[in-house]
Amino acid sequence: MRDFVENHEAHRDIKLLVRLLRYFKPYTGKFIWAFVLMIITTFTNMILPLASGLAIDLMADSFYSIEQKTWIVIIGALILLLVTALSILISFYQNLMLQKIGQKITDQLRVDVFNHIESLSIGQINQLPVGKLVTRATNDPGNISEMFTNTIVNLIRSILMMVIIAIIMFIIEWRMALITMVVVPLIVLATIFFRRYSRSAYRSVRNNVSEVNAFLSENLSGIKITQVFNQEEKKINEFTAINQKLKNSYFKEIYVFGIYRPIIYLLAMAATIITIYFGVQSVFSGPLSIGLFVSFYVYVGQFFEPVQQIAEQFNSLQNGFASAEKIFDVLDTKPDINDQEDALELTKFSGSIEFKDVWFSYVPGEWVLKGVSFNVSPNETVALVGATGSGKTTILQLIVRNYDIQKGQILIDGIDIKRIKRSSLRSFVGQMLQDVFLFSGTIRDNITLNNEAILQEEIVKASDYVGLDHVLNKLPEGLNHEVRERGNNFSSGERQLISFARAVVYKPTVMTLDEATANIDSETEAVIQNSLAKMMNISTMIIVAHRLSTIQHCNKILVMQKGEIIEAGTHQQLLKKKGLYFNLYQLQYEYREAL
Amino acid sequence: MILLKHFRHYYLKYGLSFLLGIAILVVIDWYQLEIPRIVKTIIDGVENQTITNVSQILESLLIVTLIVAGITIGRFLWRLLLFGNGRRIESDIRQAMFEHATKLDQNFYSREKIGGLMSYFINDLNAVRELYGFGLLMLVDGFVLGIFVLIRMFSLDWVMTLYSFIPIALMGVLVFFLELKMEQKFKLRQEAFEKASDFAQESFTGITVIKAYVREAAEALGFKKKSHDVYQKSMDHMRYAIVVNIIIDAMISIVIIAIIAFGSIMIAKGELSSGELTEYIAYFFTLLWPVFAISWFLNINGQAQASAKRIFSFLDAKPIVAEHKDVIVDAQIDGSIRFNHLTFAYPDADEPILNDISFAISAGEMIGILGKTGSGKSTLVELLLHIYNVEEGMIAFGAYDHAKLSIKTLRNSIGYVPQDNFLFSTSIRNNIGFAFQNIDEQKLLEVGKLSDIHEDIMSFKDQYETILGERGVTISGGQKQRVSIARALAKEPTILILDDSVSAVDTKTEEDIITNLRHIRKGKTTLMIAHRISTVRNLDKIVLIDQGRLAGFGTHQELLKNNSLYKEMYNLQKLEELVGEEKEHA
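Dropping the structure here:
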C-alpha cells in the first residue's frame, strides 16, 4: 500500500464520488424520496415571510372590519401552525432517513475494509503499522459518511433554499428579483476567489501543523540528547521558528475568512439596500404592495445566508475525499498469496512433508533459506536447531504457506503446497507460536478462539491433556478467568500451556511448535515437557527447539546455520560428529544452564 | 472560571487588543440594530404617505450604507483582533510549553508517554485556544447583542416581548438539558466506536494466530457485530440530535407565527405600525444568535477548563535535576573520575540498581565497562552526565564533587555516544555538528574519517548534506552508530563515553574505530561500555559490573587469571563466535 499523497485534481474527486455513489445504489429510492421531502419542508419553511407580508396587506385593507380581520388572522395562524407541525414531522422523518442511510453505508464500508484487510497475506499486513490499518477500517468510513450526511446534505439544502427563495421572489415581483440578483455574480466571484485562498491557507496550516508535531514528537523523545549536549538553546530557537511559521499561517487563515465573510455581508446588504430603493419605487409605481415589499425584504435577507455556508462546505468536502482515497487504496490492494482457482481441499493430512531445494527470502536479495531439503514422515517428531536468524521459524511459516517460496518445492502428502487451499491446509495443522498472542476475553475464548462449535468437554479434555489444569486450578474462575492486557498477567510458561490447549482442541494431525526462549519456572517446565511428550504421540511434530529436554525426545534433528541445513541425525549421532551441533549443545545447554 | 492565575499573564499582555476588539464588537452590535429601525421608518413613511417620492429615502439609505460599510470593516477588525489573540495566546503557550519541556529531567520523561505529552500540545491547546478566540466572541457578542435586542424589543412592545422571550428562554433551557442527554448518547457511541477499534487492533495484531486457525470468517463476524453496534448507538445519538433541532425549529416557527398573528391584530387595532412589526420580526431573528452562542460557549468552556488544567499542571512541574545551590561554575575538569561507594536507585524503584561501587579512573585512561544486560552499566555513565541526582560525595571529578559541579560545565566536558544512537531529522552535517552553531568544515571531515563513516557519507548523493530520518534517508544501524560517534568526537571532550557503540559494526570496523580512538584520545579519558570482551580486551583497564555491583577491576590479563566470572564470560563468548551466533544488534 503506498502512502497517500495530496493531489488537487478536481476530476480525481469526481472519480471518487462515482465510486462512492455505488454504495448508495441500494438506497436510491429512499434518497429520491428524502430529496422530495426536503423540497417540501424547505418550501414550507419559506412561507413565513410571505405570510407576514400578506398579513400586513390584509390589515391595511379597509374592506374588512377589525373583528373580521382578527378572525382571519387567527385562522391563518392556526393553518400555519398546522402546516408547520406537519412540516416538522416530515422533516424529522426525512432527516432520520438520510442519517440512517449514511450510517448504514458507513457500517458497510467499515466491514468491507476490515474483511479486505483480513484477506491480505501476513506479509502484507505486517508492512503497515497496525494503527494505520485500524484508522482505515474505523475512522475513514466515518469521515466519508460525515461528508455525505452532513456536508453534502446541507449543501443541497442550502442550494434548494436559494432556489426556492429566488422562485418566490420572482413570483412576487420579477423585475425587482432581477435587480436583486445583480449581486449574485459578484458573490460567486468573491467565493471563487475565496476558495483559492482558503485552500492555500488551509494547506499551509496543515503542513505547518505537521511540522510542529513532527518536531515535538522527535524532540520530546530526544530531550536527553539535547540536554546532554547542552543544546537546549538551539532547540528552543528551532522551535521558535516553526512555531512562528505556524502562527503566521493561522493569521493567513484569519485574514482570508476575515475578509470573505464581511464582504459577503457587504454584498448581501448591498442587495438589501438596492431592494429597499427599488421596492419603495415599485410600491409607488404600483405593482408592489407594502406587505409584499416587506416579504421581499425579509427574503432577500434570508437568500444570502446559505451562500457563505456553501463556500465553506466545499472545503469540508476535502476531508471526505481524503478518506475515500485512503479506503479505496486498501480495497484496491490485492492479496499477494492466493489459492489457485482449482485449489484442492485436503481431506486429510497424514503428516508427510517434503522440502525440495527450497530458496526463500522475505526481502528480495536477502535469502533466508538457501537450498533447504529435508523430509518429515508421518508421526515423526523433528527438531530444528541453530543460532538466531538461521531460518528455523521461517520453515514453520512456510509449512502453512504464510509466504510463497521463490525457488524449489514444498510437498504436502506428495502434493505441491501451491495447489492446496490454504484454509484446508491450516485446518490440519496446530500451530503453537513463540509469542503466544492472547486476546481479550476468557481463557476459554482463547483456547477455542470464540469457536462455539467446540464443546465444553472437549475444552476440558484438551486442558487436562496438556496439563493446563495445573494452572486453571489455581485460578478461582478457572476457564472463565479474564485475560487482560494481552495476557501479560500470565507467565511465559502458562501462556505456552494455553497455546498447547488451543492447538490440541482443534484436533490437528500435524503440529508445529516454536518454543519460547524465555525462562520458565521449573514446575511449569516439567508440565510442559510432559505435555510435549504426549502430543508427540498423537501427531507429526516439527519443533523449533531451544531446550535440551525437548530435543532429546525427537526422532530427527536438523541443524541449521545461515539458511542451510548443516547437519542432520539423532541426538547421539550428532554429538558423536563433534561438529556444529556439539558446540551448540555445549553453548546453549551446558554453559547457559550452568550460569 | 476563565480567570485562572496563569491566564492573567496573557490578559495583561494582550489586554489592549482584547478591549479594542470587544469595543468594536459592542459598537457593531448597537449599530446593526439601527438598520431595522431605519427600515421601519421607511415602511411607515410609505404607509402613512409621508414619503411619496423615492428620493426622500435616499438620505436614510445613505446612512444605512455607511453603517453597513462600518460594520464590514468592524467585522474584519474584530476577527483580526479577537481570533488573532486566540492564535497569539496559543502560540505563546506552545512556546512556553516547549521551553519548559527542555528543562524537565528524565525523572519526568520516564513517567510520561510521548503520546500523552503530544496530546497536551495538540488537543488540549486547541481546546484552550477555541475558548479564547471563538468562545470569548460568543460570550461577549451573545450577551451584548442579546441585551441590546431585548431592550429594543421591550421598548417597542413589552407585552409581545415577554410573550416571545419566555418561550425562547424556555427553549434554551430545554435544549441545554437535551444536549446533556445527547452528550451521554454521544459518549455511548464513542465507547462503541472504541470497542470496534480495539477489536480491529487486536485482530490485525494477532493476524498470525487468526490465519493459523483459519478464523478469518469468525473475526469478520465479530467485527460486523461491533460495527453494527456503532451503527445503532450512532442512530440513537442522531435521533436525539435531530429531535433537538426539530424542537428548536418548532419553537422558533411557533413564536414567529404568534408574533405575526398578534402583531397583525395590533396593526388592525392601530396599536402597531407595519414598519414596527417588520422591525420587530427582524429583531427576533437577531435574538436567536445570542441564544445559540451562549449555549455553544458553555460547551466549549467545559472542555477548555479540563484542558487548561492539564496544560498548567504540566507547566508547573518542576525539574528535580537542577544546579546545586553552591554550584561551582569555573571548574577545570581534567578527566579523572572517582566513584566512592556509589549507591543509586531510580526515583520510583524499591531496589537500588547500583550498589556500593568504588573505583577510580586516572585522566587519559581508556576504560572498558563490561556487564550483562541490566547489570547497571548504562546507568553508571548516565549518572556521570548528571541525568539523575546522586548524593554528595559519591562521584568526584578530579577535586570536585560531582553534585556541586555546574551541570552545563560538566556536560560540556563530556562527549556522549548513546546506546540508541539517537539522531535528529536533519543533515548529517548538522547531526555531527550538533554541539556547535556551525561546525568547522575541517573538523567535520576529520571526525567523519576517525569514525570510519566518511567514505559511506561521500557515497551518498548529497554527502554531508544528506537529510536523515523519516523525511530523509534511512541509514543502517551501524552507520547511525558511527555518525553518533563522530558527533561526540567533534566536541573533543575531556571525557568520552561510548555506550555499546560498536555493537552494530563488524569486527574489522570495530578494530579500526578503537585504533583511531586510541590515537586521538591520547591524554583524554575514554569510557567504553560493551558486552563483548573482544571489544575491551586491549583497553587500559576493564570494569566488570554484575547485578549492580563491582565484580572486577583490572586489565584483561589480570581478570582472566583471577576473576572467575570474567573467565566464564570469556569462554562463553568464544563459543558463540564458533557457532556463528548473530551479534546482538543495537
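Chains A and B, in that order, are what the protein sequence lines are.
Each residue of the first sequence is one higher than the last, beginning at 5 in the numbering used here.
Each residue of the second sequence is one higher than the last, beginning at 18 in the numbering used here.
Every residue gets a Cβ at the ideal spot worked out from N, C-alpha and C, and that includes glycine.
query	result
Decide if TYR366 (chain A) is buried, meaning its Cβ has at least 16 other Cβ atoms within 10 Å, or exposed.	exposed
Would you kindly check if the distance between the Cβ of GLY385 (chain B) and the Cβ of VAL226 (chain B) is under 8 Å?	no
Helix, strand or coil for MET411 (chain B), going by three-state DSSP, please let me know.	coil
Check whether the Cβ of VAL71 (chain B) lies closer than 8 Å to any Cβ atom in chain A.	yes
Roughly how many whole angstroms lie between the Cα atoms of ALA213 (chain B) and PHE240 (chain B)?	7 Å
Sorted by chain position, which residues of the same chain lie with C-beta nearer than 8 Å to ASP449 (chain A)'s C-beta, five sequence neighbours on each side aside?	PHE443 and VAL487
Looking at chain A, is there any beta carbon in it that lies within less than 8 Å of the beta carbon of PRO364 (chain B)?	no
So, for LYS508 (chain B): in the same chain, excluding its five sequence neighbours on each side, which residues have a beta-carbon less than 7 Å away from its beta-carbon?	GLY432 and ALA452
For the alpha helix (DSSP H) containing VAL464 (chain A), name the first residue and the last one.	460–470
Mark ASN406 (chain A) as exposed unless 16 or more other C-beta atoms lie within 10 angstroms of its C-beta, in which case mark it buried.	buried
Going along the chain, which unbroken runs of the alpha helix (DSSP H) with 4 or more residues stay wholly within the segment 553–596 of chain A?	575–581 and 584–588
What's the gap between the Cα of ARG25 (chain B) and the Cα of ASN147 (chain A)?	39 Å
Are ASP343 (chain B) and THR360 (chain B) closer than 8 Å when you measure CB to CB?	no
Give me the Cα-Cα distance between LEU599 (chain A) and GLU575 (chain B), rounded to the nearest whole angstrom.	Any reading at LEU599 (chain A) is ruled out, since the residue's pLDDT is 49, under 50, leaving its predicted position unreliable.
When the cut-off is 8 Å and only beta carbons count, does ALA334 (chain B) lie next to chain A?	no
Among residues of its own chain, excluding the 5 on either side of SER125 (chain A), which ones have a beta-carbon nearer than 6 Å to its beta-carbon?	PRO339, ASP340 and ILE341
Can you give the beta carbon distance from ASN379 (chain A) to GLU358 (chain A), rounded, assuming they're within the 8 Å contact cut?	4 Å
What is the residue span of the alpha helix (DSSP H) that ARG146 (chain B) lies within?	142–147
How should SER291 (chain A) be labelled, buried or exposed, when 16 other C-beta atoms within 10 angstroms of its C-beta is the threshold for buried?	Inspection of the sequence shows that residue 291 (chain A) is occupied by Pro rather than by Ser. Exposed, because fewer than 16 other Cβ atoms sit within 10 Å of the Cβ of PRO291 (chain A).
In chain order, which continuous runs of the alpha helix (DSSP H) of length 4 or greater are located wholly inside the segment 279–316 of chain A?	294–307
In three-state terms, what does DSSP make of HIS358 (chain B)?	strand
For a minimum of 4 consecutive residues, which ranges assigned as the alpha helix (DSSP H) are wholly contained in the segment 511–592 of chain B?	524–537, 550–553 and 573–579
State yes or no: is the C-beta of THR74 (chain A) nearer than 7 Å to some heavy atom of the ligand FAD?	This structure simply doesn't include the ligand FAD, nor any ligand for that matter.
CB ILE550 (chain B) to CB LEU401 (chain B), shorter than 8 Å?	no
Under 9 Å Cβ-Cβ, which residues of chain B neighbour ILE78 (chain A)?	ALA278 and ILE282
Contact check, THR89 (chain B) vs LEU270 (chain A) under 8 Å by CB: the rounded distance?	5 Å
In chain A, which residues lie less than 7 Å from ILE139 (chain B) when you measure between Cβ atoms?	ASN217
Spell out whether any CB of chain A is found under 8 Å from the CB atom of GLY391 (chain B).	no
From this set, B:GLY486, B:SER518 and B:GLU482, which residue's C-alpha is nearest ARG499 (chain B)'s C-alpha?	B:SER518
Taking 6 Å as the limit between beta carbons, can you name the residues of its chain near LYS210 (chain B), skipping five residues before and five after?	Contrary to the premise, residue 210 (chain B) reads as Phe rather than Lys in this sequence. For PHE210 (chain B), where only same-chain residues beyond five positions count, the Cβ hits under 6 Å are VAL247.
Report the three-state DSSP secondary structure of ILE445 (chain B) (helix, strand or coil).	helix
Taking the alpha carbon of LYS330 (chain A) as the point to measure from, which residue in A:PHE47, A:VAL117, A:ASP65 and A:THR45 has its own alpha carbon closest?	A:VAL117
Pull the bridge partners of MET42 (chain A) from the DSSP assignment, please.	Bridge partners of MET42 (chain A): none, in fact.
Could you name the residues of chain B that THR184 (chain A) contacts, counting a contact when the two beta carbons are closer than 7 Å?	Neighbours of THR184 (chain A) on chain B: none; closest Cβ ~15 Å, over 7 Å.
Would DSSP call LEU373 (chain A) helix, strand or coil?	strand
Determine, for ASN158 (chain A), whether the minimum Cβ-Cβ distance to residues of chain B falls below 8 Å.	no
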